[in-house]
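A.B. asks:
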Amino acid sequence: MADIRNNFVGIKSPNPFWLASAPPTDKAYNVIRAFKAGWGGVVWKTLGEEGPPVVNVNGPRYGAIWGADRRLLGLNNIELITDRDLQVNLREIKQVKKDWPDRAIVVSLMVPCVEDAWKAILPVVEETEADGIELNFGCPHGMSERGMGAAVGQVPEYIEMVVRWCKQNTRMPVITKLTPNITDVRKPARAALSGGTDAVSLINTINSITGVDLDSFAPQPTIDGKGSHGGYCGPAVKPIAMNMVAEIARDPETRGLPISGIGGITTWRDAAEFMALGAGNVQVCTAAMTYGFKIVQEMIAGLENWMDEKGHASLDDIVGRATPNVTDWQYLNLNYVAKAHIDQDACIKCGRCHIACEDTSHQAITSMVDGKRHFEVIEAECVGCNLCVNVCPVENCITMEPLAAGAMDQRTGKPVSPVYANWTTHPNNPMAKVAAE
2 MADIRNNFVG IKSPNPFWLA SAPPTDKAYN VIRAFKAGWG GVVWKTLGEE GPPVVNVNGP
62 RYGAIWGADR RLLGLNNIEL ITDRDLQVNL REIKQVKKDW PDRAIVVSLM VPCVEDAWKA
122 ILPVVEETEA DGIELNFGCP HGMSERGMGA AVGQVPEYIE MVVRWCKQNT RMPVITKLTP
182 NITDVRKPAR AALSGGTDAV SLINTINSIT GVDLDSFAPQ PTIDGKGSHG GYCGPAVKPI
242 AMNMVAEIAR DPETRGLPIS GIGGITTWRD AAEFMALGAG NVQVCTAAMT YGFKIVQEMI
302 AGLENWMDEK GHASLDDIVG RATPNVTDWQ YLNLNYVAKA HIDQDACIKC GRCHIACEDT
362 SHQAITSMVD GKRHFEVIEA ECVGCNLCVN VCPVENCITM EPLAAGAMDQ RTGKPVSPVY
422 ANWTTHPNNP MAKVAAE
């Protein structure tokens with residue numbers, strides 16, 4: 002059996018599945034239920050400084066995007082950090098950690114960008130014997146207007162400064178949670194590393210408005226006729242999150258920096274993909290809010306079964322395995338040629354491949370042959386774009402078949418070259434011409 006025990010910056014848990022800082026981790030009751038279901042760890046919902054708790058809205062807090070089958074694809078939330086008393090949270094954290102010593106408990110923190118505020122909260126969190134802290138530099142709404150959350154996460158200099166304060170004032174591992182609401186996520190990651198962070202976690206939620214009520218003309222969720230931008234999460238953000246994880250994992254300046262992957266993780270496969278791109282573990286929120294805590298059991302079983310099937314003994318065998326295969330467009334092999342192929346036995350003759358190709362692509366799929374409805378690839382027109390594969394409703398009915406070196410590409414009338422070549426050396430590249438001169 003594959004060993005899926007996780008050791009993330011010295012924080013040990015029986016598996017790599019943690020609950021992210023969010024409503025599911027807002028109180029001991031939730032966290033205990035999560036641990037009983039099998040979660041390896043939690044990041045306790047973000048704590049603020051001592052004093053009057055923050056004030057959340059008392060109406061709808063979520064907007065949503067659904068697929069055609071009503072499957073939840075994305076949530077937009079306008080909830081703030083915990084509105085429970087700090088001391089109550091601290092007592093609960095201490096008790097849960099005592100009762101569940103084998104599970105990871107990391108405490109998310111957000112206080113004003115003032116050194117004394119961080120110095121005040123760090124020792125009281127440390128006293129709970131939590132395993133680490135996560136600095137919430139990502140919340141895009143409510144708190145950012147107060148100079149916290151994404152307002153800090155969008156300024157690398159602030160990130161470095163606060164991380165350094167924390168590293169100087171606590172023994173606990175520091176995980177820096179990054180905002181995706183920034184042009185280049187590598188810059189805040191570099192800043193966190195410069196400040197001494199032990200790891201980064203990403204992504205936090207994306208600025209969004211998920212819908213507008215066309216009767217009241219108010220954004221959703223609607224509070225007394227008004228709406229606000231909020232944080233977008235769920236399966237729809239997974240591609241954005243994976244790209245940002247990969248960017249940090251392959252950046253020469255941050256390569257090797259531990260990453261906790263967050264963003265739309267719903268299945269074991271999602272988790273494995275994040276870890277293959279460089280994440281040491283993963284954090285989950287929307288999937289638990291949609292399907293309940295027991296979803297982790299499918300994640301654990303699925304990951305173990307896949308690792309056994311593939312011969313991966315431990316998580317170390319998969320973490321970062323895909324990172325070397327992530328490159329920039331300019332280095333892709335321009336001499337690689339593939340053509341679409343339709344399995345006639347599997348084809349249900351719906352015609353979606355033909356319409357997509359005919360109307361919006363390269364007119365490379367027939368609709369009629371010898372007077373009969375028939376869909377077949379015209380190799381002389383096929384550029385290998387694979388749009389047909391993605392619109393086909395039958396899995397594996399259409400596949401992409403690479404042409405062997407030396408085979409004739411009917412579209413260009415030239416044999417496929419066995420030599421790797423990319424845009425940096427292509428004769429059409431003006432920079433290549435300048436270099437040649």
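All letters in the sequence shown, in the order written, are residues 2 to 438 by this note's numbering. Where is the CB? At the ideal position from N, CA and C, for every residue including glycine.
Measuring straight from C-alpha to C-alpha, what distance separates residue 45 and residue 395?
C.D. replies: One-based indexing of the sequence shown puts residue 45 at position 44. One-based indexing of the sequence shown puts residue 395 at position 394. Cα-Cα distance, rounded: 42 angstroms.
A.B. asks: Going by beta carbon distance, what residues of the same chain come within less than 8 angstroms of residue 99, once the five residues before and after it are set aside?
C.D. replies: Along the sequence shown, read from residue 1 onward, the residue named residue 99 stands at position 98. Cβ neighbours of residue 99 within its own chain (closer than 8 angstroms, five residues either side excluded): 130.
A.B. asks: Classify residue 275 as helix, strand or coil using the three-state DSSP reduction.
C.D. replies: Within the sequence shown, the letter at position 274 stands for residue 275. Of the three classes helix, strand and coil, the one that applies to residue 275 here is helix, per DSSP.
A.B. asks: Rounded to a whole number of angstroms, what is the C-alpha to C-alpha distance between residue 267 and residue 193?
C.D. replies: Taking the sequence shown and counting its residues from 1, one reaches residue 267 at position 266. Taking the sequence shown and counting its residues from 1, one reaches residue 193 at position 192. Residue 267 and residue 193: Cα-Cα distance of roughly 28 angstroms.
A.B. asks: By Cβ distance, which residues of its chain are closer than 6 angstroms to residue 36, with the 5 residues on each side in sequence left out?
C.D. replies: Residue mapping note: residue 36 aligns to position 35 of the sequence shown, counting from 1. Correct list, in chain order: 101, 104.
A.B. asks: Where does the unbroken alpha helix (DSSP H) through residue 381 begin, and where does it stop?
C.D. replies: Working through the sequence shown from its first residue, we reach residue 381 at position 380. Here residue 381 belongs to no alpha helix (DSSP H), and DSSP marks it neither H nor E.
A.B. asks: Give, in chain order, every unbroken run of the alpha helix (DSSP H) that is at least 4 residues long and sits entirely within the region 328-383.
C.D. replies: 353-361
A.B. asks: Hey, residue 243 and residue 274 are a contact pair by Cβ (cut 8 angstroms); roughly how many whole angstroms apart?
C.D. replies: As a first step, residue 243 must be located in the sequence shown, where it is residue number 242. As a first step, residue 274 must be located in the sequence shown, where it is residue number 273. Indeed, because the Cβ distance is near 6 angstroms, the residues count as touching under 8 angstroms.
A.B. asks: Suppose you measure from the CA of residue 387 to the CA of residue 174; what does that come to, to the nearest Å?
C.D. replies: Looking up residue 387 in the sequence shown gives position 386. Looking up residue 174 in the sequence shown gives position 173. Using only the alpha carbons, I get a separation of about 45 angstroms.
A.B. asks: I'd like to check one pair, residue 50 with residue 118: are the Cβ atoms closer than 8 angstroms?
C.D. replies: For the purposes of this step, residue 118 is identified with residue 117 of the sequence shown, where counting begins at 1. For the purposes of this step, residue 50 is identified with residue 49 of the sequence shown, where counting begins at 1. Yes, they are a contact pair.
A.B. asks: Would you say residue 240 lies against chain B (beta-carbon separation less than 8 angstroms)?
C.D. replies: Chain labels in this structure do not include chain B; a single protein chain is all it has.
A.B. asks: Kindly indicate which three-state DSSP category residue 9 falls into: helix, strand or coil?
C.D. replies: Taking the first residue of the sequence shown as 1, we reach residue 9 at position 8. Strand at residue 9.
A.B. asks: Would you decide whether residue 216 is buried or exposed? Buried here means 16 or more other CB atoms lie within 10 Å of its CB.
C.D. replies: Within the sequence shown, numbered from 1, the residue matching residue 216 stands at position 215. Exposed, because fewer than 16 other Cβ atoms sit within 10 Å of the Cβ of residue 216.
A.B. asks: Let me make sure I understand the geometry here. Which of 15, 206, 168, 239 has the alpha-carbon closest to that of residue 521?
C.D. replies: Look at the range of the chain in this structure, 2 to 438, and you will see that residue 521 is not part of it.
A.B. asks: Skipping 5 residues on each side, what residues in its chain have a beta carbon closer than 7 angstroms to that of residue 223?
C.D. replies: Taking the sequence shown and counting its residues from 1, one reaches residue 223 at position 222. These residues qualify, in order along the chain: 61, 214, 217.
A.B. asks: What are the start and end residues of the beta strand (DSSP E) that includes residue 287?
C.D. replies: For this step, residue 287 is matched to residue 286 along the sequence shown. Counting along the chain, residue 287 falls outside any beta strand (DSSP E), though it belongs to the alpha helix (DSSP H) covering 287-292.
A.B. asks: Looking at the secondary structure, which residues open and close the beta strand (DSSP E) in which residue 64 lies?
C.D. replies: For this step, residue 64 is matched to residue 63 along the sequence shown. From DSSP, the beta strand (DSSP E) with residue 64 extends over 63-67.
A.B. asks: Mind checking which residues open and close the alpha helix (DSSP H) that includes residue 170?
C.D. replies: Counted from its first residue, the sequence shown places residue 170 at position 169. Unbroken alpha helix (DSSP H) run through residue 170: 157-170.
A.B. asks: Over what stretch of residues does the beta strand (DSSP E) that includes residue 208 continue unbroken?
C.D. replies: As a first step, residue 208 must be located in the sequence shown, where it is residue number 207. Where residue 208 is concerned, the enclosing beta strand (DSSP E) starts and stops at 207-209.
A.B. asks: Would you kindly work out how many angstroms separate the C-alpha atoms of residue 200 and residue 10, rounded to a whole number?
C.D. replies: Numbered from its first residue, the sequence shown carries residue 200 at position 199. Numbered from its first residue, the sequence shown carries residue 10 at position 9. Residue 200 and residue 10 have their C-alpha atoms spaced approximately 7 angstroms apart.
A.B. asks: Considering only residues of the same chain and omitting the five flanking positions on each side of residue 334, which have a CB-CB separation below 8 angstroms?
C.D. replies: Within the sequence shown, numbered from 1, the residue matching residue 334 stands at position 333. Answer for residue 334: 421, 422, 423, listed in chain order.
A.B. asks: What is the DSSP secondary structure of residue 219, reduced to helix, strand or coil?
C.D. replies: For this step, residue 219 is matched to residue 218 along the sequence shown. Reduced to three states, the DSSP call for residue 219 is strand.
A.B. asks: What is the DSSP secondary structure of residue 248, reduced to helix, strand or coil?
C.D. replies: Within the sequence shown, the letter at position 247 stands for residue 248. Looking at residue 248 - three-state DSSP - the assignment turns out to be helix.
A.B. asks: Just the Cα atoms here: how many angstroms apart are residue 282 and residue 427?
C.D. replies: What you label residue 282 is simply residue 281 of the sequence shown in a count that begins at 1. What you label residue 427 is simply residue 426 of the sequence shown in a count that begins at 1. Their Cα atoms are separated by approximately 40 angstroms.
A.B. asks: My guess is that residue 59 and residue 84 are in contact by the Cβ rule of under 8 angstroms, so how many angstroms apart are they, rounded?
C.D. replies: As a first step, residue 59 must be located in the sequence shown, where it is residue number 58. As a first step, residue 84 must be located in the sequence shown, where it is residue number 83. About 10 angstroms; that fails the 8 angstroms criterion.
A.B. asks: Can the beta-carbon of residue 389 be found closer than 8 angstroms to that of residue 344?
C.D. replies: As a first step, residue 389 must be located in the sequence shown, where it is residue number 388. As a first step, residue 344 must be located in the sequence shown, where it is residue number 343. In this structure, residue 344 does not lie closer than 8 angstroms to residue 389 by Cβ.
A.B. asks: According to DSSP, simplified to helix, strand and coil, what is residue 387?
C.D. replies: In the sequence shown, residue 387 corresponds to position 386, counting from 1. Coil at residue 387, not helix or strand.
A.B. asks: Straight-line CA distance for residue 253 to residue 329?
C.D. replies: Within the sequence shown, the letter at position 252 stands for residue 253. Within the sequence shown, the letter at position 328 stands for residue 329. Taking the straight line from one Cα to the other gives about 14 angstroms.
A.B. asks: Thinking C-alpha only, which one of 180, 393, 164 is nearest residue 357?
C.D. replies: As a first step, residue 357 is located in the sequence shown; it is residue number 356 there, counting from the start. For the options 180, 393, 164, the alpha carbon positioned closest to that of residue 357 is the one of 393.
A.B. asks: Is residue 157 closer than 8 angstroms to residue 189 when the C-beta atoms are compared?
C.D. replies: If you number the sequence shown from 1, residue 189 lands on position 188. If you number the sequence shown from 1, residue 157 lands on position 156. Taking 8 angstroms as the Cβ cut-off, residue 189 and residue 157 qualify as a contacting pair.
A.B. asks: Measuring alpha carbon to alpha carbon, tell me which residue in 403, 300, 309 is nearest residue 340.
C.D. replies: In the sequence shown, counting from the first residue as 1, residue 340 sits at position 339. Nearest C-alpha to residue 340: 403.
A.B. asks: Using only alpha-carbon positions, find the residue among 272, 250, 289 that is nearest to residue 279.
C.D. replies: Your numbering for residue 279 matches position 278 in the sequence shown. Comparing Cα positions, the closest option is 250.
A.B. asks: Is the distance from the Cβ of residue 226 to the Cβ of residue 142 below 8 angstroms?
C.D. replies: By one-based count along the sequence shown, residue 226 stands at place 225. By one-based count along the sequence shown, residue 142 stands at place 141. Not in contact: residue 226 and residue 142 (Cβ atoms no closer than 8 angstroms).
A.B. asks: According to DSSP, residue 213 sits in a beta bridge with which residue or residues?
C.D. replies: As a first step, residue 213 must be located in the sequence shown, where it is residue number 212. Per DSSP, 220.
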